[in-house]
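For reference, the structure discussed in these notes is given below.
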Amino acid sequence: MTAELKEKIMGIDDKISNEAEDLKGKGKEAVGDATDDKGLQAEGKMDQAKAGVKKAVEDVKDSLD
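Sequence positions in the sequence shown follow full-length UniProt numbering and run 1 to 65.
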């Protein structure tokens, strides 16, 4: 396996991980909304924000390739 292929696979893995974190955050926020749990709502928003930052970093990396 070439270094370039490994790098592409790692990039895809990162994108999947970021999307999963975003979905997890949306789920937490939805449950928090349904149960009026402000802490869970905040956790969900934080997970989504972290995923957004990671996605932005990946986008910058992709634009440099």
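Every residue, glycine too, gets a C-beta built ideally from N, C-alpha and C.
Fair warning: this is a prediction, and the values are worked out from it, not measured in the lab.
Cβ-Cβ distance between residue i and residue j below 9 Å
{"i": "G44", "j": "K26", "result": "yes"}
{"i": "D22", "j": "K55", "result": "yes"}
{"i": "Q41", "j": "K24", "result": "no"}
Given residue i as reference, the closest of the options once Cα atoms are compared
{"i": "K50", "options": "A3, L5, G32 and D14", "result": "D14"}
Alpha carbon of residue i to alpha carbon of residue j, nearest angstrom
{"i": "L5", "j": "D37", "result": "44 Å"}
{"i": "A3", "j": "I16", "result": "20 Å"}
First through last residue of the alpha helix (DSSP H) which encompasses residue i
{"i": "T35", "result": "A3 to T35"}
{"i": "D65", "result": "Looking at the DSSP string, D65 is not in any alpha helix (DSSP H), and its letter there is neither H nor E."}
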